[in-house]
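Using full-length UniProt numbering, the first residue of the sequence shown is number 1, and each one after it goes up by one.
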Amino acid sequence: MFSNKESFKRYFLQRLEMTYGKTFEDTTSSDHFQTLGHMIREYVSSNWIQTNEQSRNNNGKQVYYLSIEFLLGRLLHNNLINLGIDQVVIEGLKDLGIDFFEVEDMEHDAGLGNGGLGRLAACFLDSLATLDLPGHGCGIRYKHGLFEQRIVDGYQLELPEQWLKQGQVWEVRKEDLAVDIYFWGNIDMYEKNGKLQFRHLNAETVTAVPHDVPVIGYHTTTVNTLRLWNAEPSSLIAKDVKDIMRYKRETESISGFLYPDDSNDEGKILRLKQQYFLVSASLQSIIRNYKQQYKNISEMHHYISIHVNDTHPVLAIPELMRILMDEEGLGWDEAWEITTNTISYTNHTTLSEALEQWPIYIFQPLLPRIYMIIDEINERFCMKLWKKYPGDFLKIEKMAIIAHGMIKMAHLALVGSYSVNGVAEIHTEILKKREMADFYAFYPEKFNNKTNGITHRRWLIKANPKLTNLISNIIGDKWVNQPESLRELLNYQEDASLQENLAAIKQSNKERLAKIIKEKNGILVDPSSIFDVQVKRLHAYKRQLLNILHIMSLYNKLREDPSIDMEPRTFIFGAKASPGYYYAKKIIKLINTVAHKVNNDKRIQNKLKVVFIENYRVSLAEHIFPAADVSEQISTASKEASGTGNMKFMMNGALTLGTMDGANIEMHELVGDDNIFIFGMNADQVLELYQNGGYSSREYFYHDDRIHEVVNQLKNGFYDHPVGEFDPIFDSLLIENDQFFVLKDFNSYASIHEKVNQAFKNKQDWLRKSIVNIAMSGHFSSDRTIKEYAEDIWRIKPYI
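Take a look at the structure:
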C-alpha cells in the first residue's frame, strides 16, 4: 500500500470511504489521520508479529524497561520516517489536496509523561528497535496524562489532558492477556509439606489490561512493543464490594493521572497503588511469557533483564520475590539469587526529596505481603552490615532500607539490583562519593555510568529537516546511522557557504516559532533577535528564577538607558509545575507578570521580549529546539543529574549557557571553552557550602545594587502585582537563605550574558561555534547510550 505514490493514493481513498461511509469531499482532517494511522499499523503488523516470534524463539536475553513515564509525543510522522515512506505519503496526500501537516496536527501528544525521565524512556525505545535489540517498554496508560496547562492571568491552571478522546490509533487492546493485582486484605500463613506458605485473603482486586503500542525501528524490520496497562474493575470481586461505584472510581483512578498530588495520605496511597500496579502487572506478564518459552524458572535471569527507570518501579524487587516464592515455590535464597541477577536500576537524581520514601503506616496495610518481603530483605541486609561494621549502629541505621517508620526505595533498589547507574559522569561520581558513598563502599562492583542520550531521528531528522538535508549535502548521509560521523562537520566549520546556509535555516526556524508565539500568545517577537530559551520541568533547582531575575535586571538597565549596547533578546520559557508545587507555580506567575510589563513598554524599543509558552510538550519542543540560539542549562551545580534538553539544543546548533552540571560537563569537554558559555560555582564548591555552610544570601542582597533592586521589586509592587504575591519567592531568597544559590551565581550569570551579547555580534564566529556544537552532538545519540546499556548491563544482543 506504500510501495509508490499511486498505490498509496488508491488504497488511502478506498480505506477512507469504506471506514467512514462518506465521500472524500465530506471527510475531515481527523478522518484522514485515523485512516492513515490504521494503514500504518496494518503495514507494520507482519513485522511486529515477526519480531514477537523472534523474541519467543530467540535464546538470547531480552530486556523489559519499566518506567512510570514514556513521553512519546506524536507518532505519525516519526513512524513514517522510520519506515522510510514519509515522502510517498506527504506527496500522495498533496496530490489529493490534503496538507500532511494539518493531518499531523490531529494527533494528540500521548499523555504518558512529563519531562526528561519520560522523554529519555521514549528515546531508549526508539534506539532499542533501531539497533534490532530485544527490548520492550512497560508503563501505565494514563487516561488524562499529567494535565493540560493553561495560563490565566499569569497563573497556571490545570485541566485534564484529553489525549484519548478520539481513541488511540496506535494501540491494540489485549484483554485476553489481562492480569489481576491485589491490594489491602491480610496474609494467611500456613504450613504445607513442611514449608511455610502465604495466602492473600480479603484483597481488593484490580484488573490490569494491556494495550500494546508498536515501537518501529528506523529502516529495519524490528518492531518492539510498549505495553501500557489500564486499570479496570475486576469481574471477580465486584459482586463482593459493598460500594460498587466507589470501587469502580478508585480502581479507574489508578490509571487516571500521572503523578497524583501526594501532599495528603489519599494521594500517597494512589501513587503507591500506581507503582505496584505497574510492576505487578508487568512482572506477571513477563514471567508468563518466559514460562511459555522456557520451563525452568530457576534460569530466568539468564534470559530476562528487568530495568527500573528511577525509584518508581523499584517494587519490582519484592514483587519478583513474591512471585518466585509464593507462586513458583522457590525458597528465599534461590529467589533472591534470581532477583538480584535480573533487576538493574538507573538513578536519576541527587535530590533527597526525589528519592522516594513510603511511611509504613500507609505501605503495610495496602501491600501486606510486599511489606513482609521488604522487611525480610531489610533484616538480612542489616545482618550483613553488622558482620562488616560490627557495633556501628549509626552506619547500619543510615543504610537500612526501613528506618524511622519509613521505607527507603533507593536503598531497596541498591540492595536488590545487580547494576546501579548514574546518567552523566559527574552524577555517577557524586552518587559514588557522596550521596551513596556507603553503598558504593559496600557494593563497588554494582556502580557504573551511562551518560544519557537522545534520538537524533526525532530531534534532528524530524524536527529540523532543512538542517538534516544541509548536513547530508556536506558530509553525506552516513551520520544518519552513525551519528558520531557528524564530527566530519568540524572540517567545514570555517566554510562560508555552510555558515550562510546554516544562518538561513536558523532564521527560517525562528520565523516559524515567532509565528506560533504570535498565534498562541499574541506577542510579536523579532526573529532576528537572540532567541534565548529555557524549556524544562519547573523546579527550584533548575533555577528559572535566576533567569527571570536577570531579565528583570536587564529591563531595569533598559529603562535607565534604552540606547545601551544590547542585542535584542527574546527570552522564551516553557514549563509545567506540579499541581501541588506552590513555589514553582509562583515562579510561573512571576515570569508572566514580568512578561506583561516588559512586552508592553514601548520605551525599551523592543530590545527585550519575554514569552511563556503554555502547555509545553514534545510537539511544541520540535519547533522550539531548532529555533533556539541560546540554550539555558542553569541548574545549581550538582543538582541536575544529566539533562537531555541540553543535547537537543546542541544538536540543533544552539549554544549552551550553563553551569558545570550534569552532561553540560561532557559537552564542555567535547566542544571546548570557546564554544560554550559556562558560569557559576562548580559541583565541589556547591557541595562544600552545603556541607560546611558559610553562605549568606543577604550579603549579596545588600552589596549588589542589581540584586537589591530586583529582589525589592518582588515586594514593592513595581510589576503591578497584588501585595504579598511574590512573598514566597522573596522569603526563599532572604529568609530561607537561598537554597539553590541564585543570588550567589547572579553576578557570574549576568557576566556570561554580556559575553553572549558580544559573541552574537560576530555572526561568522557564532555560526562557527554552532557548527562545532552540531558536529560534536553525535556523541549524545541514545544509540550510543543503548549500546552501552546492552553490552555492559543487560548483556543483550540483536535479534538474529
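Each residue gets a CB set at the ideal place from its N, CA and C atoms; glycine is no exception.
How is residue i classed by DSSP in three states: helix, strand or coil?
{"i": "Ile798", "result": "Checking the sequence shown, residue 798 turns out to be Pro, not Ile. Coil, per DSSP."}
{"i": "Leu320", "result": "helix"}
{"i": "Met406", "result": "strand"}
{"i": "Pro579", "result": "coil"}
{"i": "His144", "result": "coil"}
{"i": "Val535", "result": "strand"}
{"i": "Lys242", "result": "coil"}
{"i": "Pro365", "result": "helix"}
{"i": "Ile370", "result": "helix"}
{"i": "Gln166", "result": "coil"}
{"i": "Arg487", "result": "helix"}
{"i": "Phe571", "result": "strand"}
{"i": "Arg271", "result": "helix"}
{"i": "Ile564", "result": "coil"}
{"i": "Val152", "result": "strand"}
{"i": "Gly672", "result": "coil"}
{"i": "Ser253", "result": "helix"}
{"i": "Ile613", "result": "coil"}
{"i": "Ala759", "result": "helix"}
{"i": "Val89", "result": "helix"}
{"i": "Asn481", "result": "coil"}
Along the chain, where does the alpha helix (DSSP H) containing residue i start, and where does it finish?
{"i": "Gln507", "result": "Ala496 to Asn521"}
{"i": "Tyr182", "result": "Tyr182 -> not in any alpha helix (DSSP H); beta strand (DSSP E) instead, spanning Val179 to Phe183."}
{"i": "Tyr443", "result": "Element bounds for Tyr443: n/a, residue is neither H nor E."}
{"i": "Arg768", "result": "Lys763 to Met776"}
{"i": "Thr51", "result": "Ser29 to Asn57"}
{"i": "Thr339", "result": "Trp332 to Thr339"}
{"i": "Val711", "result": "Asp705 to Gln713"}
{"i": "Ser7", "result": "Lys5 to Tyr20"}
From what residue to what residue does the beta strand (DSSP E) around residue i run?
{"i": "Ala231", "result": "Val223 to Pro233"}
{"i": "Met189", "result": "Asn186 to Lys192"}
{"i": "Arg199", "result": "Lys195 to Leu201"}
Rounded to whole angstroms, how far is the Cβ of residue i from the Cβ of residue j, which I believe are closer than 8 Å?
{"i": "Ile523", "j": "Val594", "result": "Rounded, the Cβ-Cβ distance is 13 Å, inconsistent with contact."}
{"i": "Leu460", "j": "Asn652", "result": "7 Å"}
{"i": "Ala540", "j": "Ala584", "result": "7 Å"}
{"i": "Ser508", "j": "Pro568", "result": "The Cβ separation is near 18 Å, so there is no contact."}
{"i": "Ser697", "j": "Leu734", "result": "6 Å"}
{"i": "Val535", "j": "Ile624", "result": "6 Å"}
{"i": "Ile587", "j": "Leu545", "result": "5 Å"}
{"i": "Leu670", "j": "His779", "result": "6 Å"}
{"i": "Asp629", "j": "Ala654", "result": "6 Å"}
{"i": "Phe677", "j": "Ser748", "result": "At roughly 11 Å, the Cβ-Cβ gap does not stay under 8 Å, so Phe677 and Ser748 are not in contact."}
Looking only at its chain, what residues have a beta carbon closer than 7 Å to the beta carbon of residue i, apart from the 5 residues adjacent to it on each side?
{"i": "residue 801", "result": "No statement about residue 801 is possible, as the shown extent of the chain runs from 1 to 800 and does not include it."}
{"i": "Asn682", "result": "Ala637 and Met660"}
{"i": "Lys295", "result": "none"}
{"i": "Met743", "result": "Here residue 743 turns out to be Leu, not Met, going by the sequence shown. Counting only Cβ-Cβ distances below 7 Å, and skipping sequence neighbours, we find Ser697, Tyr700, Phe701, Ile707 and Leu733."}
{"i": "Phe363", "result": "Leu272, Tyr371 and Ile407"}
{"i": "Val686", "result": "Thr636, Ala637, Ser638 and Phe741"}
{"i": "Glu397", "result": "Ala403"}
{"i": "Lys797", "result": "Gly60"}
Leaving out five residues before and five after residue i in sequence, what residues of the same chain have Cβ atoms less than 8 Å from its Cβ?
{"i": "Asp705", "result": "none"}
{"i": "Met406", "result": "Gln357, Trp358, Pro359 and Ile360"}
{"i": "Thr19", "result": "Asp31, Gln34, Thr35 and His38"}
{"i": "Gln162", "result": "His108, His144 and Glu148"}
Only counting the same chain, and skipping five residues up and downstream in sequence, which positions put a Cβ closer than 6 Å to that of residue i?
{"i": "Phe571", "result": "Asp532, Ile551 and Val610"}
{"i": "Val88", "result": "Phe2, Lys5 and Phe8"}
{"i": "Arg457", "result": "Tyr218"}
{"i": "Glu319", "result": "Val279, Ser280 and Leu283"}
{"i": "Thr350", "result": "Ile430 and Glu435"}
{"i": "Met647", "result": "Ile454 and Phe780"}
Below 8 Å, can you find three or more Cβ-Cβ pairs linking the stretch 472 to 489 to the stretch 138 to 153?
no
The stretch 377 to 385 contacting the stretch 401 to 418, beta-carbon criterion three pairs below 8 Å:
Verdict: yes, contact present.
Assess, as a yes-or-no matter, whether the stretch 609 to 627 is touched by the stretch 414 to 429 under the definition of 3 or more beta carbon pairs within less than 8 Å.
In this structure the stretch 414 to 429 does not touch the stretch 609 to 627; the number of beta carbon pairs closer than 8 Å is below three.
Can at least three beta-carbon pairs, one atom from the stretch 104 to 113 and one from the stretch 73 to 89, be found at a separation below 8 Å?
yes
Report yes or no: do three or more beta-carbon pairs, one from the stretch 334 to 352 and one from the stretch 295 to 313, lie closer than 8 Å?
yes
Count the C-beta pairs between the stretch 24 to 36 and the stretch 115 to 122 that are closer than 8 Å, then say yes if the count reaches three, no if not.
no
Can we say the stretch 205 to 218 touches the stretch 272 to 286, given the rule of at least three CB pairs closer than 8 Å?
Counting C-beta pairs closer than 8 Å gives three or more between the stretch 205 to 218 and the stretch 272 to 286, which meets the contact rule.
Touching by the beta-carbon criterion (3+ pairs, under 8 Å), the stretch 759 to 770 and the stretch 714 to 730:
no
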